[in-house]
Each structure stands twice: as C-alpha cells, then as structure tokens.
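Undergrad: The following block contains the structure, expressed as structure tokens.
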Amino acid sequence: MKVLIDRYDPDTGLQRTDTFEIENSACEGMTVMGLLNYISLHCDATLAYYHHSVCDHGICGRCTLSVNGKVRLACLTPVTGYQELHLAPAAGRVVIRDLVTK
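Each residue of the sequence shown is one higher than the one before, counting from 1 in the working numbering.
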C-alpha cells in the first residue's frame, strides 16, 4: 500500500508530503491509527500524530484527519480496500506539527 502523509515542521515552516510503501499483509485488519503506529515504529519515528490510548473508540475526536480528502477518525477508519492513502490534517484545523492539530 502506498501511503502519502502531509508533513509540517513549525520550526522551519516547511511543508512536504512523504511517501511510504507498506506491505499489504502488514496492513490487514488495521485502522488508520494502527497504520500510523506501524509507520512510526518501522519507518519514521519523527512522524507526529495524535495517538491516544484512553479513547480509541471515536469518542474524543482528537484523531480527526483527512483520509483521501474526506474527514475521518483515525481510530475507527479501516485501511482495508485502499491501494493508496493520502493522510493530511483536517481542513479548518490549526496544524501544530504533521497530523497534530487543534
């Protein structure tokens, strides 16, 4: 699976989109949150995203982001069926760093 992630560095003000190639077998049964965890652990530990262990049921909404242009909750959105994912901060939110918004 090809995963594109919009990145933002507040220290430099630079924006970019990083591309990650993840084996489809590694993504089976994952949510977007699980995929972000996988990328952080295996590909790029500098990725900033809101990971929460308290909610993880779509209640708090802090993991809201854009998945292929549609606003979704990372903790509830499955990655099954996608050949490519473009993850970005949700429109209208203030970007702190990468996918972390307020």
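By construction, the Cβ of each residue, glycine as well, lies at the ideal position given by its N, Cα and C atoms.
Mind listing, in chain order, the continuous beta strand (DSSP E) runs of no fewer than 3 residues lying wholly within the segment 13-98?
TA: The segment 13-98 contains these whole beta strand (DSSP E) runs: 14-21, 64-67, 70-73, 84-89, 95-97.
Undergrad: Which of the three DSSP states, helix, strand or coil, is assigned to K2?
TA: Note: K2 maps to strand in three-state DSSP.
Undergrad: Please report the Cβ distance between L99 and L65, rounded to the nearest whole angstrom; I am assuming they are in contact, meaning their Cβ atoms lie under 8 Å.
TA: That pair is a contact at about 5 Å.
Undergrad: Excluding five sequence neighbours on each side, which residues of the same chain lie with their C-beta closer than 7 Å to the C-beta of E21?
TA: So the list reads K2, once near-sequence residues are dropped.
Undergrad: Give me, in chain order, the residues of the same chain whose beta-carbon lies closer than 6 Å to that of H86; leave out the 5 immediate sequence neighbours on both sides.
TA: So the qualifying residues of the chain are L4, N68.
Undergrad: Using CA coordinates, which residue listed in N24, T77, G13 is at the minimum distance from G58?
TA: If we check each option's Cα against that of G58, T77 comes out closest.
Undergrad: Are the Cβ atoms of R7 and T17 separated by less than 8 Å?
TA: Cβ distance < 8 Å, so R7 and T17 count as in contact.
Undergrad: Classify P89 as buried or exposed, calling it buried when 16 or more other Cβ atoms lie within 10 Å of its own Cβ.
TA: Under this definition P89 is a buried residue.
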